[in-house]
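Per the numbering used here, the very first residue in the sequence shown carries number -17; after that it's consecutive. Ideal Cβ placement from N, Cα and C applies to all residues, glycine included. Down below is the structure, laid out as structure tokens.
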Amino acid sequence: MPGVSASYAVISGNVAKRIDSDRLESSEHRHDPGHVGQILKKLAAELELLPGQLRAAARFVLANPKDVALKTMREQAGLAGVSHSTMVRFAEWLGFGGYTELKAVFADWLRQNADNGSEQVSFSSELTSADVENAADWLRWEVARLGAQPNIERNLLAAELLAGARRVISVGIGPQLAVANHFTEVLRSLGHTAFVFDAAQQSVTHGLKDIGPRDAILAISMEPFTKQTLAVARYARRRGAQIVAIVDCLQSPIEQYAQAIIVTAQSESRFQSMAPIIASVEILAALVEQSTISSQPKEYDVARSLPSEPRRSRSVPST
-17 MPGVSASYAV
-7 ISGNVAKRID
3 SDRLESSEHR
13 HDPGHVGQIL
23 KKLAAELELL
33 PGQLRAAARF
43 VLANPKDVAL
53 KTMREQAGLA
63 GVSHSTMVRF
73 AEWLGFGGYT
83 ELKAVFADWL
93 RQNADNGSEQ
103 VSFSSELTSA
113 DVENAADWLR
123 WEVARLGAQP
133 NIERNLLAAE
143 LLAGARRVIS
153 VGIGPQLAVA
163 NHFTEVLRSL
173 GHTAFVFDAA
183 QQSVTHGLKD
193 IGPRDAILAI
203 SMEPFTKQTL
213 AVARYARRRG
223 AQIVAIVDCL
233 QSPIEQYAQA
243 IIVTAQSESR
253 FQSMAPIIAS
263 VEILAALVEQ
273 STISSQPKEY
283 DVARSLPSEP
293 RRSRSVPST
């Protein structure tokens, strides 16, 4: 495979081309389709060591190996959210002379699977292992990112708003409603007044007719953004309620209504991942619990706080 040594340098956000010498020794070896599994395994193992743009390119390749073979480099760059020059640098980082060589390896791999009569391109056991590791790495990265700057300030502000509210209304739609239900149950277990609002099924003006400044909304709004969730946020904001939003991009239209906004990562999968959203609400729940404990008056010994009775002097009996 195009070997990549663990010893490479990151200089000013760019990966220095310092890849130790277990690169491919021949073009025949370089185009061996069996090495796709090794490439993906290597990417999964070293994903978090890469700087941002190259990491995005690596994630795209890990999640979409067939697209590497079938789509143009510019199409892949657009899907990965990077420039086409980043894709070239990514291929060079792997030890290829350019992206065309990397694409050729994946094309050979795809063609070989088709020639073998597979109805679906299947990975070897090594590749399946790499996929599992990559998915787990992505989840670990996302949970860790939720506890890093600038999400620290966002989480603290959100927890403060929720902990100080008279009631917390969790709003969701579709699969996000399950997360809203989970957060509501956790808050109730902590002694807070909380309930769920199904934005798809309930009328805003009827279901939230008594909402006011002492209430808080937790709105879970992921792409594709729903007009129902936005309608709830807009109505609640007009009524003076505090709004905390969990979104998957800063360009979410709900941002204009929210006092606190927590951004999770967009999954590279073709389905919406609930794991980052669940992690977000559980971080909020832990912070709300801590805020509640901190705001409670400390217990003290009532008996010790009372003034002691003055001692009575004993009279001396007369003789």
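Q) Are there three or more Cβ pairs, one per stretch, closer than 8 Å when the region 123 to 137 is compared with the region 38 to 55? A) no
Looking at the structure shown, is V64 part of a helix, part of a strand, or coil, going by DSSP? coil
### Beta carbon of L159 nearer than 8 Å to that of D180
yes
**Q.** Where S106 falls: helix, strand or coil (DSSP)
**A.** In this prediction, S106 has a pLDDT of 45, which is less than 50 and means its spatial position is unreliable; what the coordinates show is noted afterwards. Coil, per DSSP.
Q. With C-beta atoms as the reference, is Y217 less than 8 Å away from L190?
A. yes
#### Entry: Spatial distance of A26 from L44 (CA atoms)
In this model, A26 and L44 are separated by some 7 Å (Cα to Cα).
- Query: Nearest-angstrom Cα distance between G80 and T68?
  - Reply: Cα to Cα, G80 sits roughly 11 Å from T68.
Problem - Spatial neighbours of L172 in its chain, beta-carbon cut-off 8 Å, leaving aside the 5 residues before and after - result: A267, V270, E271, T274
### Message
Let me confirm a value: K23 is counted as buried when at least 16 other C-beta atoms fall within 10 Å, else exposed. Which label applies?
### Response
buried
Residue closest to S255, alpha-carbon to alpha-carbon, out of D90, A118, E74:
A118
Nearest-angstrom Cα distance between L61 and H164? 33 Å
Per-residue DSSP class, three states only, for R196: coil
What is the residue span of the alpha helix (DSSP H) that A160 lies within? 158 to 171 is the span of the alpha helix (DSSP H), which, as asked, contains A160.
Inter-residue Cα distance where the pair is I151 and D230: 20 Å
Every unbroken alpha helix (DSSP H) within the region 29 to 73, with a cutoff of 4 residues, ordered by chain: 34 to 45, 47 to 52, 55 to 62
Item to check | Boundaries of the beta strand (DSSP E) in which I228 is found, first to last residue | outcome: DSSP places I228 in the uninterrupted beta strand (DSSP E) bounded by 224 to 229.
Have a look at R12 and F72 and give me their C-alpha separation to the nearest angstrom. Only weak support exists for where R12 lies, its pLDDT of 47 falling under 50; the value from the coordinates is given anyway. About 16 Å.
Query raised in the report: Identify the residues that DSSP records as bridge partners of V150: which are they?
Result: A176, A198
- Task: Give the single residue among A140, G156, V263, D90 whose Cα lies nearest to the Cα of T166.
- Result: V263
Q.
Please list the terminal residues of the continuous beta strand (DSSP E) segment that includes I134.
A. For I134, no beta strand (DSSP E) segment is defined; the enclosing uninterrupted segment is the alpha helix (DSSP H) at 133 to 145.
Practice task
Assign I316 to one of three DSSP states: helix, strand, or coil.
Solution key: With the chain represented from -17 up to 301, any question about residue 316 goes unanswered, as that position is not in the structure.
Using the DSSP secondary-structure output, state which residues sit across from V245 in a beta bridge. V229
Does the Cβ-Cβ distance between F88 and V114 come in under 8 Å?
no
Can you give me the C-alpha to C-alpha distance between R219 and I21, rounded to a whole angstrom? 50 Å
### Query
Is the CB of P33 under 8 Å away from at least one CB in chain B?
Of the protein chains in this structure there is only one, and it is not chain B.
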